[in-house]
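J.: In our numbering, the protein residues as written are 30 to 320.
Please see the structure below; I have some questions.
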């Protein structure tokens with residue numbers, strides 16, 4: 030599978046998502062040594078990590094939002110190189126809006142945490158007891174600077190420009206590297222289909238409803254359907270090489286889940302058997318694409 034670099038730069042871009050946060054934890058060396066002594070262990074056998082802001086919901090929210098942002102970005106992009114993902118032009122607006130909303134949520138949670146930080150530090154004196162140490166806590170300005178949320182979009186370099194720079198001998202190597210990255214990105218799309226559709230087939234096949242004598246077995250949530258729905262909505266836009274097999278598989282999955290809802294899937298055994306078999310048939314069509 031070969032992709033011309035000058036075509037690639039017209040259908041995709043690179044995106045770099047960088048999120049940092051204050052973790053609110055610190056290694057207590059004195060407590061660590063005490064624990065090792067009490068257990069007759071060598072001094073470097075373990076570490077005691079102290080939570081400086083235990084049970085602080087706003088700080089927990091920043092962690093949750095950061096994790097969600099990474100997941101959302103990954104679901105809309107393809108692997109390319111360390112630190113950067115490949116974003117199809119058709120996904121730019123959706124990606125930008127989703128990350129902008131999450132950035133706003135992240136900064137709101139950060140501001141709530143910062144605004145209450147002094148009061149919460151006082152509460153920690155009770156929670157930490159003799160483990161509390163004033164010097165463990167950085168000043169508010171330093172803590173605030175630890176929270177960052179940036180999204181950077183960049184164009185993809187045209188390898189052919191090496192020729193105009195008098196570096197024509199580098200073109201072949203650059204093109205080969207870039208094409209391997211594109212092949213890997215396409216393979217990733219097939220693997221996503223295999224992952225989510227395979228999970229759908231397995232869960233619908235093994236689900237057992239609640240009876241008088243037993244609990245529900247192999248329960249599933251509405252994400253079983255919504256994950257597939259999101260996948261087939263995004264992949265055609267992410268299909269930067271316009272791979273016909275990707276488009277065909279997405280159409281098959283759209284047909285599979287059309288009109289399907291969680292209540293019917295849980296309540297009708299015949300429907301479960303039917304969609305599970307159809308899912309297996311679609312997976313079989315993939316052949317060795319994920320090999």
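We put the beta carbon where it would ideally sit given N, CA and C, even for glycine.
Treat the numbers as computed from the prediction; the structure is a model and nothing was measured.
At the level of alpha carbons, what is the spacing between residue 274 and residue 244?
T.: Cα-Cα distance, rounded: 40 Å.
J.: Express the C-alpha separation of residue 268 and residue 105 in angstroms, rounding to a whole number.
T.: C-alpha separation (whole angstroms): 11 Å.
J.: Please go through the same chain and pick out, in chain order, the residues whose beta-carbon is closer than 6 Å to the beta-carbon of residue 315, but skip the five residues on each side of it.
T.: For residue 315, where only same-chain residues beyond five positions count, there are no Cβ hits under 6 Å.
J.: Cutting at 8 Å between CB atoms, please list the residues of its own chain near residue 248, excluding the five before and the five after it.
T.: The residues are 236.
J.: Check residue 315 in the structure and name its three-state DSSP category.
T.: It is coil, neither helix nor strand.
J.: Could you pull out every residue in the same chain whose Cβ sits closer than 7 Å to the Cβ of residue 293, ignoring the five residues on either side in sequence?
T.: Here the set comprises 300.
J.: Residue 211 to residue 99, Cα distance in whole Å?
T.: Spanning the two alpha carbons is a distance of roughly 21 Å.
J.: Could you tell me if residue 149 is buried or exposed, where buried requires 16 or more neighbouring beta carbons within 10 angstroms of its beta carbon?
T.: Classification for residue 149: buried.
J.: Does residue 240 come out as helix, strand or coil in the three-state DSSP assignment?
T.: Residue state, collapsed to three classes: coil.
J.: Tell me where the beta strand (DSSP E) around residue 45 begins and ends.
T.: Start and end: 41-49.
J.: Would you list the residues sitting across from residue 180 in a DSSP beta bridge?
T.: Answer is 46, bridged to residue 180.
J.: Alpha carbon to alpha carbon, what distance is there between residue 121 and residue 255?
T.: Near 21 Å, if we compare the C-alpha coordinates of residue 121 and residue 255.
J.: Suppose the cutoff is 8 Å on Cβ atoms and the five residues either side in sequence are ignored; what does the same chain contact list for residue 221 look like?
T.: Result list for residue 221: 260 and 264, in chain order.
J.: Ignoring anything shorter than 4 residues, give me the alpha helix (DSSP H) runs that lie fully in the segment 209-290, in order along the chain.
T.: Here the runs fully enclosed are 252-267 and 273-286.
J.: Am I right that residue 128 and residue 115 are in contact with their C-beta atoms under 8 Å? What's the rounded C-beta distance?
T.: That pair is no contact at about 16 Å.
J.: If we count the other Cβ atoms within 10 Å of its Cβ and call it buried at 16 or more, is residue 102 buried or exposed?
T.: By the neighbour-count rule (16 or more Cβ atoms within 10 Å), residue 102 is buried.
J.: Would the segment 175-183 and the segment 40-52 be scored as touching if the rule is three or more Cβ pairs under 8 Å?
T.: Contact holds: three or more Cβ-Cβ distances are below 8 Å.
J.: Can you list, in chain order, the residues of its chain whose CB lies under 7 Å from that of residue 272, leaving out five sequence neighbours each side?
T.: Only 215 meet the Cβ criterion.
J.: Can you check whether the CB of residue 184 is closer than 7 Å to the CB of residue 138?
T.: Taking 7 Å as the Cβ cut-off, residue 138 and residue 184 do not qualify as a contacting pair.
J.: Helix, strand or coil for residue 30, going by three-state DSSP, please let me know.
T.: With a pLDDT of only 41 at residue 30, under 50, the local geometry of the prediction cannot be trusted, and the value read off the model is given with reservation. Residue 30 falls in the coil class under three-state DSSP.
J.: From the DSSP output, in three-state form, read off residue 301 for me.
T.: It is helical.
J.: Answer yes or no: do residue 252 and residue 304 have a C-beta to C-beta separation smaller than 7 Å?
T.: Result no, Cβ atoms of residue 252 and residue 304 do not sit closer than 7 Å.
J.: Please confirm whether residue 87 and residue 142 have their CB atoms less than 7 Å apart.
T.: Yes, the Cβ-Cβ distance between residue 87 and residue 142 is below 7 Å.
J.: Which one of 41, 226 and 313 has the shortest CA to CA distance from residue 109?
T.: The residue with the shortest Cα to Cα distance from residue 109 is 41.
J.: For residue 185, which three-state DSSP category applies?
T.: In the structure shown, residue 185 sits in coil (DSSP, three-state: anything other than H, G, I, E or B).
J.: Could you check the C-alpha separation between residue 311 and residue 281 for me, to the nearest Å?
T.: If I take the Cα positions, the gap works out to 7 Å.
J.: So residue 230 and residue 308 are supposed to be a Cβ contact under 8 Å. How far apart are they, rounded?
T.: Yes, residue 230 and residue 308 are in contact; Cβ-Cβ is about 4 Å, under 8 Å.
J.: Which whole-angstrom value is the C-beta distance of residue 257 and residue 286, which I expect to be below 8 Å?
T.: Their Cβ separation, rounded to whole angstroms, is 5 Å, which keeps residue 257 and residue 286 in contact under 8 Å.
J.: How many Å lie between residue 53 and residue 224 at the Cα?
T.: Cα to Cα, residue 53 sits roughly 35 Å from residue 224.
J.: What do you reckon, are the CB atoms on residue 78 and residue 56 nearer than 7 Å?
T.: Yes. Within cutoff.
J.: Taking a contact to mean a Cβ-Cβ separation below 7 Å, would you say residue 81 touches residue 140 in this structure?
T.: Not in contact: residue 81 and residue 140 (Cβ atoms no closer than 7 Å).
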